[in-house]
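Undergrad:
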Amino acid sequence: MISVIVPAYNEEAVIARCLRAMVTGAQPGELEIIVACNGCTDRTAEIARSFGPPVRVIEIPQASKVAALNAADEAATGFPRFYVDADVIVDLASLRAMAAVLERGEALLVAPKLRMDLSKTTWPVRAYYRVWMSLPYNQVMVGTGAYGLSRAGRARFGRFPDLIADDGFVRFSFRPEERVRVDEATSWVEPPRSLAGLVRIKTRSRLGFYQHRRAQPDRRVGDRKPLGQMLRMWLMRPSLWPALPCYAAVTLIVRLRATRHLNVRGGTSWERDDAR
92 MISVIVPAYN
102 EEAVIARCLR
112 AMVTGAQPGE
122 LEIIVACNGC
132 TDRTAEIARS
142 FGPPVRVIEI
152 PQASKVAALN
162 AADEAATGFP
172 RFYVDADVIV
182 DLASLRAMAA
192 VLERGEALLV
202 APKLRMDLSK
212 TTWPVRAYYR
222 VWMSLPYNQV
232 MVGTGAYGLS
242 RAGRARFGRF
252 PDLIADDGFV
262 RFSFRPEERV
272 RVDEATSWVE
282 PPRSLAGLVR
292 IKTRSRLGFY
302 QHRRAQPDRR
312 VGDRKPLGQM
322 LRMWLMRPSL
332 WPALPCYAAV
342 TLIVRLRATR
352 HLNVRGGTSW
362 ERDDAR
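Going left to right, the sequence shown walks through residues 92 to 367 as the numbering used here numbers them.
The structure is reproduced here in structure tokens:
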């Protein structure tokens, strides 16, 4: 049985589409989906419960994704085990494809291929993502909002630590050869529509990276992006040139904001884009 954990904080606008994609076509006993509502003040839990089996809802009072993940992990029984953000769409076929890779022992950690619908975004957001998607480095788990672990992979660590970026913590817990992007699986992510929303969510992502690096200073964190390789690639793609200033400006602003948050607030701020 595949277990899927969905941490949710006030996700009534998106939780139904997330769950519907996973349960449609599922066989009895194939899935166990645990929606971990944390500090919700809206109808997230009510909507999730309306699906019935295989969806199960647990509620914790504090608004904490880490607490939600740990509570749901204690309740989950199946493997492979997937962790899916409530605002992304991963369908049943994608779960099956990733589960097959884990069950064959080809990897300990898997993630789907990232897909984005940029049609509703402003030009600066589209420009940023055009460059970001071209970066020449391993993007397993980067931005997908979903990942899966085999039983052996989940045994690699205990409880999720109190860090903003749980996906970063998990990714950095495995060597590159232990993690695989399954191209037959897809995670549909709705990007922020505005430049302000983009800066907020990218600040959160960068803050999580800094927080993790501070927590484990002796450990190599992240997949290094070779600057020379990037520059050569960009020089050979003139179509990206108009977007490069926007990408550079957003990257600089995000790093400055994340550094300030980390130094002033200790990395405890949690920024999200609520415009959907």
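Virtual Cβ for every residue (Gly too), placed ideally from N, Cα, C.
Excluding five sequence neighbours on each side, which residues of the same chain lie with their C-beta closer than 6 Å to the C-beta of R111?
TA: Within the sequence shown, residue 111 is the residue found at index 20, counting from 1. No residues qualify anywhere along the chain.
Undergrad: Under the DSSP definition of a beta bridge, which residues are partnered with E150?
TA: Indexing the sequence shown from 1 puts residue 150 at position 59. Bridge partners of E150: C128.
Undergrad: Taking the alpha-carbon positions, what's the L122 to V345 distance?
TA: Taking the sequence shown and counting its residues from 1, the one referred to as residue 122 is at position 31. Taking the sequence shown and counting its residues from 1, the one referred to as residue 345 is at position 254. Going by the C-alpha atoms only, they are around 38 Å apart.
Undergrad: In chain order, what residues of the same chain lie with their CB nearer than 8 Å to the CB of S155, ignoring the 5 residues before and after it?
TA: As a working note, residue 155 is residue 64 in the sequence shown. Contacts found: N129, G130.
Undergrad: Go ahead and pull the three-state DSSP assignment for I255.
TA: Position 164 of the sequence shown, counted from the start, is the residue given in the question as residue 255. Three-state result, I255: coil.
Undergrad: Taking the alpha carbon of I106 as the point to measure from, which residue in L160, D176, F300 has its own alpha carbon closest?
TA: Counting from one through the sequence shown, the residue named residue 106 turns up at place 15. Out of L160, D176, F300, D176 has the C-alpha closest to the C-alpha of I106.
Undergrad: Starting from P215, follow the alpha helix (DSSP H) in both directions and report where the run begins and ends.
TA: Stepping through the sequence shown from its first residue, residue 215 is reached at position 124. Taken as a continuous stretch (DSSP letters only), the alpha helix (DSSP H) holding P215 covers 214-223.
Undergrad: Could you give the DSSP three-state label for S360: helix, strand or coil?
TA: Along the sequence shown, read from residue 1 onward, the residue named residue 360 stands at position 269. Per-residue confidence for S360 stands at a pLDDT of 49, beneath the threshold of 50, marking its modelled position as unreliable; the derived number appears in the next sentence. Coil, per DSSP.
Undergrad: For V95, which option in V126, E102, Q302, T132 has the closest C-alpha, if you only look at C-alpha atoms?
TA: The residue given as residue 95 occupies position 4 in the sequence shown. Comparing Cα-Cα distances from V95 to each of V126, E102, Q302, T132, the minimum goes to V126.
Undergrad: Since I believe P171 is in contact with L240 (beta carbons under 8 Å), could you give me their beta-carbon distance rounded to a whole number of angstroms?
TA: If you number the sequence shown from 1, residue 240 lands on position 149. If you number the sequence shown from 1, residue 171 lands on position 80. L240 to P171, Cβ: 7 Å. Contact.
Undergrad: Can you give me the C-alpha to C-alpha distance between E165 and S330, rounded to a whole angstrom?
TA: Reading the sequence shown from its first residue, position 74 is the one you call residue 165. Reading the sequence shown from its first residue, position 239 is the one you call residue 330. For E165 and S330, the distance between alpha carbons rounds to 49 Å.
Undergrad: How would you label V341, buried or exposed, when you count the other beta carbons within 10 angstroms and need 16 or more for buried?
TA: On the sequence shown, residue 341 is found 250 positions in, with the first residue counted as 1. Counting Cβ neighbours within 10 Å, V341 comes out buried, since at least 16 surround it.
Undergrad: Should N161 be labelled buried (16 or more other beta-carbon atoms within 10 Å of its own) or exposed?
TA: On the sequence shown, position 70 is the one that residue 161 refers to. Buried.
Undergrad: Starting from the Cα of T168, find the closest Cα among P152, A237, I124 and give me that residue.
TA: Along the sequence shown, one-based indexing puts residue 168 at 77. Per the Cα distances, I124.
Undergrad: Mapping the DSSP letters down to three states, classify S210 as helix, strand or coil.
TA: Here the question's residue 210 lines up with position 119 in the sequence shown. Three-state result, S210: coil.
Undergrad: Is the Cβ-Cβ distance between V216 and L335 less than 9 Å?
TA: Residue mapping note: residue 216 aligns to position 125 of the sequence shown, counting from 1. Residue mapping note: residue 335 aligns to position 244 of the sequence shown, counting from 1. Result no, Cβ atoms of V216 and L335 do not sit closer than 9 Å.
Undergrad: A237 and G299 - do their beta-carbons sit closer together than 9 Å?
TA: Along the sequence shown, one-based indexing puts residue 299 at 208. Along the sequence shown, one-based indexing puts residue 237 at 146. No.
Undergrad: Name the DSSP beta bridge partners of A244, please?
TA: One-based indexing of the sequence shown puts residue 244 at position 153. Ala is not the amino acid found at residue 244; the sequence shown has Gly there. G244 is not bridged to any residue.
Undergrad: Looking only at DSSP bridge pairs, what is I93 linked to?
TA: On the sequence shown, residue 93 is found 2 positions in, with the first residue counted as 1. Answer is L122.
Undergrad: If we count the other Cβ atoms within 10 Å of its Cβ and call it buried at 16 or more, is L199 buried or exposed?
TA: Along the sequence shown, read from residue 1 onward, the residue named residue 199 stands at position 108. Looking at its Cβ environment, which holds 16 or more other Cβ atoms inside 10 Å, L199 is buried.
Undergrad: Would you mind sorting V148 into buried or exposed? The rule is 16 or more other CB atoms within 10 Å of its CB.
TA: As a working note, residue 148 is residue 57 in the sequence shown. Buried is the call here.
Undergrad: State the DSSP-derived secondary structure class of S278, mapped to helix, strand or coil.
TA: Stepping through the sequence shown from its first residue, residue 278 is reached at position 187. Reduced to three states, the DSSP call for S278 is strand.
Undergrad: Would you mind sorting L326 into buried or exposed? The rule is 16 or more other CB atoms within 10 Å of its CB.
TA: Against the sequence shown, residue 326 aligns to sequence position 235. Exposed, by the Cβ-count rule.
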